[in-house]
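K.L.:
After the structure tokens below, expect a handful of questions from me.
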Amino acid sequence: MKEWIARVARQREFMIFVIVVVVTVVMTFASPHFLTTGNILALLLGLSIEAIVVVAMTNLMVSGGFDMSVGSVLAFTSAATATFLRMGMPIAVAVLIGLAIGATIGLINGFFVAKVGLNPFVTTLSGLSIYRGLTLIITGGQNLAGLPLAFRAIGQTRFFGVQTPIIIALLLILIGEILLRNSRFFRQVYYIGGNEKAARLSGIRVDRMKMLSYVLTGLFAAMAGVVMTSRLGAASVTAGTGMELRVITAVIIGGASLQGGEGSVLGSFLGILLMGLILNAMNLLGVSVYWQTFVVGATLLTAVVIDQLGKLRNEGKLVIPRLRPRKATDQG
Amino acid sequence: MKEWIARVARQREFMIFVIVVVVTVVMTFASPHFLTTGNILALLLGLSIEAIVVVAMTNLMVSGGFDMSVGSVLAFTSAATATFLRMGMPIAVAVLIGLAIGATIGLINGFFVAKVGLNPFVTTLSGLSIYRGLTLIITGGQNLAGLPLAFRAIGQTRFFGVQTPIIIALLLILIGEILLRNSRFFRQVYYIGGNEKAARLSGIRVDRMKMLSYVLTGLFAAMAGVVMTSRLGAASVTAGTGMELRVITAVIIGGASLQGGEGSVLGSFLGILLMGLILNAMNLLGVSVYWQTFVVGATLLTAVVIDQLGKLRNEGKLVIPRLRPRKATDQG
Amino acid sequence: MTDIILEARGIVKTFPGVRALDGVDLKVQRGEVHALVGENGAGKSTLMLVLGAIHKPDEGEIFVEGRPVSVSSPHDANEQGISIVFQELSLVPSLSIAENVFANRQPVNMINMLDRRTLHRQTREMLRLFDLDRLDPATLVKDLSISNQQVVEILKAMSINPKVLILDEPTSSLTESEVEQLFINIRKLKEEKGISFIYISHHLPEIFRIADSVTVLRDGKKVCDADVKGIDEEFLITNMVGRKIENMYGHREETDTVGDVLFEARGISRGDDFRDVSFSVRSGEIVGFSGLVGAGRTEVGRAIFGAEPIDAGELLMEGKPLSIRKPEEAIARGIGYLSEDRKSQGLFLDFSIKANLIANHLQDFCGGTPFMQSRKVNDYSRGCVRDYRIISRNIDQQLKFLSGGNQQKVLVGTWFGIKPRLLIVDEPTRGVDVGAKSEIYMLLRRLARNGVGIIMISSDLMEILGVSDRIMVMQAGRVVGEISGRDATEERVIAMAAGTVNGGGEA
Amino acid sequence: GGPAQQAQPAQTQPADGAESRMDQLYIQVSALSNLDYFYDHQLGMRMVGEELGVRTEYVGPAEYDMNAMISAFEQAIARRPNGIVVVGFEPSLDAIVDKAIEEGIPVVTVDADLPTSRRLAFVGTGNYNAGFTGGNAMADLIGGSGKVALMTRPGQSNLEERIRGYQDALAQYPGIEIVQIADTQSDPIVAAQAAATLLQRFPDLAAIGCVEAAGGSGASTAVREAGRAGDVKIIAMDRGNEVLEGIQEGVISASIAQQTALMPYYATQILYNLNNSNVAITSDNVGAGVLGIPEMVDTGVIVVDSNNYQYFMR
Ligand SMILES: Nc1ncnc2c1ncn2[C@@H]1O[C@H](COP(=O)(O)OP(=O)(O)OP(=O)(O)O)[C@@H](O)[C@H]1O
Ligand SMILES: Nc1ncnc2c1ncn2[C@@H]1O[C@H](COP(=O)(O)OP(=O)(O)OP(=O)(O)O)[C@@H](O)[C@H]1O
Ligand SMILES: [Mg+2]
Ligand SMILES: [Mg+2]
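Note that the protein sequences, when read in sequence, are chains A, B, C and D. Per my numbering, the first sequence starts with residue 42, numbered consecutively. Per my numbering, the second sequence starts with residue 42, numbered consecutively. Per my numbering, the third sequence starts with residue 112, numbered consecutively. Per my numbering, the fourth sequence starts with residue 19, numbered consecutively.
Here is the structure:
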């Protein structure tokens, strides 16, 4: 039992979990409105869209990949789906085509990174421009409203009082966490992120796995796009702007690194939860809008500092001063 | 002579230079307005602010670092300097304090990354929020105009018809290129970025060098901030938004990578020049704004694809047999 | 000349769960080569890292020329005249040979700008020490073979003109001729400049060729020190291992039968890397590949494994044509390849021992389900740690915290784990101590006895001669000779590899 | 400054045919063109070009990036157009406008003014007015008392102006309290999250005023999801499709629309007249330093609500 506690405490996700709990407790005392079903649901609903993207981004970043285009892909698939719906296409068909577009974009990103060997940052950053641009082009800069009510129902119905987006997000997180932590197939991405050359020689289909990770990221961004469109009842041209940075930050807070080889869906979810909590707290506490940006940054920094201090203590002397390797691959 | 050509062609910067030349030639034919002094100066003036930041960012990224906060630091130092000027402080003093603020922010970033061991992405991303937030707080969300004419002169005078910002930027690029390529002191960052552990073992003061690189980045962002403020004659609260991504992209196009150990100031300058050219071309050719975002992304992608194909062919042809890297594909 | 230039007294160094050094003393005389031997994980590298001020000792003192010194950084240690050739290469792959050799001490002009001309000239002079001045000093280190990288590492340590030069397994990736060159240089520096050396190696014969005195470590303690003249190899082994080792190479027994041809390569070529290479491996047979640096053995091994393409020729498995384009296809057909470059191509240093051990056969731990079963993984890994005598705290230990030899044992375990039919091992015992070496040979032999065909690429001639049933010798990308294990002698193999026998005339 | 100090733009020959008019080029420099709102700017620019038979162009970054906008402006100057229409987002544009004037290119600001620059004229409603109208509409809707919240993206000067307008309008009603200004980060999802939190914290919130598109979309989503459509009044900004639909649905009570297309339309008209006609205000306009153009054109504000929204659909 004691050992079990020690093991949990050693988990990468533990510190961030503690931080989330502390914020929650503090908020419970600071605002009577915080711990109400309404607020919790509002909080979860608010982060559900990004939480969907976070699942796939975790997998991608564990593999050592990186996707700056998710926000634009979300906007583009949202606009595309809305366009199809307005053309009178059946809902299921429009949604499926929307998802297929997302997956295809992921495939294109993956192709350039894995097969052509482009830098993931530049590749997906050009994607960020390209798909935002395509969104502008197909919408003519107009937000697209007037979607069928049945479609809007997807994002707006409740089951046992909980809105569908929340349910979808939590489900995907649960499945993602189980698969990434335990399935043989997805374990492979850790090896790829840990040492790509060694993974290749270990018989892992590195290129294929990398492409798949990009495809999944595109697909999940599209899913988030569809859920968002149905929730807002409209496709917004600016939707998802800056989302990539929030999602990537959440994944890193949750224990992943830009070098790959580490991270977990649970950790990333805690990361996005923490960021949602901060926003929620600020609005509940009535922080001036001029201070909010500052507070978001300061809290984020505090969280990672606490996290790091916790880790250092945890590892104890394991960290040899002045000889902490930066990453797996940098040892000559 | 032939060998010299081969060596130049093997340089990382060569392909990107070729691409810049091709775009220039095409544009000369496509638009009579392109190759006019006015347009060239406008083009250079437009990119001079970012070019200043690019110099320091190259050094930082070669060392394996990363700074997402430059845009916010630019805005913050710009707002701070403007505030001081409006308080009636002498110009030199206000500018110096502004630069000192930038350097201090860099020191803070560097401290968290090098000493505390935080992830550079998250650290500087919280910086992005923090300093943008501080900008909002000290300005109350208002742009600060009404700066002394003598100060505005800094950014608006011309020498031999060329505006000061261009001169400052080109000078810094020249100095940066020489120092990073040839000075023993700055060469150290290549060791750090290439293999941090080995650098430490070679007696390089890694932490100190890393901190210095962040300090320089902060300082250069502040310099860009001052130049911009004097050019615009006002401090804008939103100045520099999204600049970090453009600057980092330019540095990567110019041959650096997120892993560190490679890159050059010249390459990065060519990168930012290419991006400036694309924007200029689109405005000259009257590309619809809805298409512009798309075209920017597509051109960026094309450029890196051409660059990569060039490199691959280069490696196949120009490299002396038996000295070829073990494997072209495993760039891990 | 009996003055002591470097002395360590009562050095203690602990890592969580490990007492790596437990009150170790070491005395090095001026102008001697002092060997340091011990099993994997005995604490040799740790002691050197303490001397080089990379680790801070928990207890103990260090004296240089009789004065107590407190060095706090590698930089200080260099100032004190202590220089280290690290066991784990400490080069910057993306920089040139010249910049690596003169790291942070590049010649500069008046305004502190690099003087590249002088830098390259000086580098070329250093390279000449190893007959490598045909290499361009501007070549990037990542484009060098492992053995040339090792040479650069040595040159780098030599370039600071140290008083004490520490060599931590410098020969583990060098071939015979380079070892010879190294020894010539060591003797020269010793005699002409009075430089002292601490020399760590698992190749015990080398100790007797180069060292003047020796210290033996076991489990972080000093067991004994002695003058090399008065002792023999057996003495060292007994002190290191605590027992005698017989039949080091696990010679084949008469009852072992070699089966039919299992694998065959017919005229395979790729560019200038290797040309028209033909050979066969029978099941139950160990075929040794010998040759000088860059002879192309590694390239052939990687090509068979599908890690790199083949331009011409064909491969056959049990007489049937074999098409392999990727490592996963090779593994699926029962072919394994143990890489010579364990750090960058073989292992996942940030991962645990168990994660490494299962990396290339994850499916074996799923029991037919899509999910990994941690019980299976743990049981298997504990078994491996026991079988291969991997010294570590537990199976969750990150690999980067293991000693070099123990990392190599994990690598060996990884590839034995896939139950191969044909196993290519490239420098399988790099950095492994004598005890563990003999265990690896036993394991190879046992594998062969079970019908597995084995290709062993090695630069250790004794190992080639001791283990192989048949020896192929390569030179400049071609097979220049084939000798049966029984007929092979050191001289014959060396002569063939050098191209003075058997018409290996070109290049 | 007054017209007297302004550089006299080069007076081109009056138009004598379509041919020479097609030589004339008018460029609008803007930013944020990815916003629904600026669709109308482009529309107005295109229409005026077609009607006058001159070439018109619309340039500038898709984002709110003043540095890029100024670069686009510089490049526009380098092409020596017959006039430049510029959205005067920030005083930081003053310098470049003055430069254009110095080089003899007439400049008219639209939508947001640059009063301290040497621009020749301003056409627009003014963001302050838009906010002020919104504030009054809001007060009407909630009967002059109650708690209200505003949603914006802080730091963007046009939005800051609108917020000031709202605040000044609401200050006239002692019964109204602005309890919070929330940040939308220009993202409807973030806006929805912020609005939902506001609804939690102030169960008696009477109205939400939004000064940019994301706010309207987000606030209406949050209010709808809380099942309080119509109960919490939302005053949106502009005439985006989703806003009109919200009005139709009853979740958005009103929206403040400007006759945006008129701004570049009349601005270009002014520039065109400056170049091509010569209203004889004096015996010699040039000599008298008289330009013969209006200095200020107010394009007005419309409150869109359930009575008229259908006419705005497109
Ligand atoms: N940084 C570290 N953290 C934890 N344990 C360590 C670390 N470095 C070394 N050890 C442990 O210390 C012991 C001594 O290791 P060391 O590398 O000195 O052995 P060695 O004698 O050099 O062995 P080899 O011959 O295999 O190179 C080993 O058990 C090793 O696992
Ligand atoms: N003359 C040389 N100088 C530097 N590197 C060389 C030279 N010749 C070969 N190499 C390196 O050696 C590799 C080809 O030799 P390979 O490694 O296959 O031979 P090997 O017989 O296994 O020798 P090694 O002991 O070096 O591994 C090439 O990838 C190349 O990097
Ligand atoms: Mg060792
Ligand atoms: Mg080899």
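Using N, Cα and C, we set each Cβ at its ideal position, and we do this for glycine too. Bear in mind that the values here come from a model prediction, so they are computed numbers and not experimental data.
Whole angstroms is fine: what's the gap from Gly546 (chain C)'s alpha carbon to Gly154 (chain C)'s?
P.N.:
So the alpha carbons of these two residues sit roughly 16 Å apart.
K.L.:
Please check if any C-beta of chain D sits within less than 8 Å of the C-beta of Ser305 (chain B).
P.N.:
no
K.L.:
Return the CA-CA distance between Ala232 (chain D) and Arg228 (chain B), expressed in angstroms with no decimal places.
P.N.:
Straight across, the Cα-Cα distance linking Ala232 (chain D) with Arg228 (chain B) is about 48 Å.
K.L.:
Taking 7 Å as the cut-off, is the C-beta of Gln261 (chain C) nearer than that to any heavy atom in ligand 1?
P.N.:
No, Cβ of Gln261 (chain C) sits at least 7 Å from all heavy atoms of ligand 1.
K.L.:
How would you label Gln198 (chain C), buried or exposed, when you count the other beta carbons within 10 angstroms and need 16 or more for buried?
P.N.:
buried
K.L.:
Would you say Glu69 (chain D) lies against chain A (beta-carbon separation less than 8 Å)?
P.N.:
no
K.L.:
For Val369 (chain C), which residues of its own chain have a beta-carbon under 8 Å away from its beta-carbon, when the five flanking residues on both sides are left out?
P.N.:
Arg393, Ser394, Gly395, Glu396 and Asp580
K.L.:
First and last residue of the beta strand (DSSP E) that includes Tyr448 (chain C)?
P.N.:
Ile446 to Leu449
K.L.:
Report the three-state DSSP secondary structure of Asn325 (chain D) (helix, strand or coil).
P.N.:
coil
K.L.:
Should Ala306 (chain D) be labelled buried (16 or more other beta-carbon atoms within 10 Å of its own) or exposed?
P.N.:
Exposed, by the Cβ-count rule.
K.L.:
Which runs of the beta strand (DSSP E) spanning at least 3 residues fall entirely within the stretch 312-342 of chain B, listed in chain order?
P.N.:
none
K.L.:
Which residues in the same chain have their Cβ closer than 6 Å to the Cβ of Trp92 (chain C), if we skip the five residues on either side of it in sequence?
P.N.:
One cannot answer for residue 92 (chain C) here, as it falls past the ends of chain C, which runs 112 to 618.
K.L.:
Are the C-beta atoms of Thr198 (chain B) and some chain A residue less than 8 Å apart?
P.N.:
no
K.L.:
Check the Cβ of Phe162 (chain A) against every Cβ in chain B and list those closer than 8 Å, keeping chain order.
P.N.:
Ile289, Thr290, Ile293 and Leu299
K.L.:
Relative to chain A, which residues along the stretch 295-326 of chain D have a C-beta separation below 9 Å, given in chain order?
P.N.:
none
K.L.:
Report yes if the C-beta distance between Ser205 (chain C) and Gly235 (chain B) is below 8 Å; otherwise report no.
P.N.:
A distance below 8 Å separates the beta carbons of Ser205 (chain C) and Gly235 (chain B).
K.L.:
For Arg173 (chain B), decide whether its Cβ has a neighbour in chain A, counting only Cβ atoms nearer than 8 Å.
P.N.:
Under the 8 Å criterion on CB atoms, Arg173 (chain B) is classed as interfacial with respect to chain A.
K.L.:
Figure out for me which residue from B:Ile46, B:Leu85 and B:Gln349 has the closest Cα to the Cα of Leu211 (chain B).
P.N.:
B:Leu85
K.L.:
What would DSSP say about Leu251 (chain C), mapped onto helix, strand or coil?
P.N.:
strand
K.L.:
Is the beta carbon of Thr124 (chain B) within less than 7 Å of some heavy atom of ligand 1?
P.N.:
no
K.L.:
Find the nearest neighbour of Ser107 (chain A) within the set B:Ala92, B:Arg272, B:Ile207 and B:Phe162, judged by alpha-carbon distance.
P.N.:
A small correction: the amino acid at residue 107 (chain A) is Phe; Ser does not occupy that position in the sequence shown. Selected option, being the one with the closest Cα: B:Phe162.
K.L.:
Look at the alpha carbon of Phe213 (chain C) and the alpha carbon of Glu439 (chain C), and state the distance between them as a whole number of angstroms.
P.N.:
Phe213 (chain C) and Glu439 (chain C): Cα-Cα distance of roughly 41 Å.
K.L.:
Would you say the beta carbon of Leu162 (chain C) comes nearer than 7 Å to a heavy atom of ligand 1?
P.N.:
no
K.L.:
Over what stretch of residues does the alpha helix (DSSP H) that includes Gly164 (chain D) continue unbroken?
P.N.:
Unbroken run through Gly164 (chain D) is the beta strand (DSSP E), Ser163 to Thr170; no alpha helix (DSSP H).
K.L.:
Could you check what DSSP says for Val288 (chain A) in three-state terms: helix, strand or coil?
P.N.:
In this structure, DSSP gives Val288 (chain A) a helical state, which the three-state scheme calls helix.
K.L.:
Return the Cβ separation of Leu260 (chain B) and Leu88 (chain B) in integer angstroms, given the expectation that the two are a contact with Cβ distance under 8 Å.
P.N.:
The Cβ separation is near 20 Å, so there is no contact.
K.L.:
Residues of the stretch 179-198 of chain C with a CB closer than 9 Å to any CB of chain B: list them in chain order, please.
P.N.:
Ser184, Pro185, His186, Asp187, Ala188, Asn189, Glu190, Ile195 and Phe197
K.L.:
Could you work out which residues of chain D lie near Ala186 (chain B), taking near to mean beta carbons separated by less than 8 Å?
P.N.:
Neighbours of Ala186 (chain B) on chain D, chain order: Pro109, Ser110, Asp112 and Thr134.
K.L.:
Take Leu326 (chain B) as the anchor and find which of D:Ile45, D:Arg39 and D:Met40 has the nearest alpha-carbon.
P.N.:
Comparing Cα positions, the closest option is D:Ile45.
K.L.:
Does ligand 1 have even one heavy atom less than 7 Å from the beta-carbon of Gly154 (chain C)?
P.N.:
Shortest gap from the CB of Gly154 (chain C) to any heavy atom of ligand 1: under 7 Å.
K.L.:
Looking only at DSSP bridge pairs, what is Met583 (chain C) linked to?
P.N.:
Note: Met583 (chain C) sits in a beta bridge opposite C:Phe400 and C:Glu593.
K.L.:
With respect to 7 Å, is the separation between the Cβ of Ile502 (chain C) and the closest non-hydrogen atom of ligand 1 below this value?
P.N.:
Result yes, Cβ under 7 Å from ligand 1.
K.L.:
State the Cα-Cα distance for the pair Asp169 (chain C) and Gly158 (chain B), rounded to the nearest angstrom.
P.N.:
24 Å
K.L.:
My guess is that Pro109 (chain D) and Leu132 (chain D) are in contact by the Cβ rule of under 8 Å, so how many angstroms apart are they, rounded?
P.N.:
By a beta-carbon distance limit of 8 Å, Pro109 (chain D) contacts Leu132 (chain D). Their separation comes to about 6 Å.
K.L.:
May I have a chain-ordered list of the beta strand (DSSP E) segments no shorter than 3 residues that lie completely inside the stretch 488-564 of chain C?
P.N.:
533-537
K.L.:
Short check: CB of Thr118 (chain A) to CB of Gly266 (chain A), under 8 Å?
P.N.:
In this structure, Gly266 (chain A) lies closer than 8 Å to Thr118 (chain A) by Cβ.
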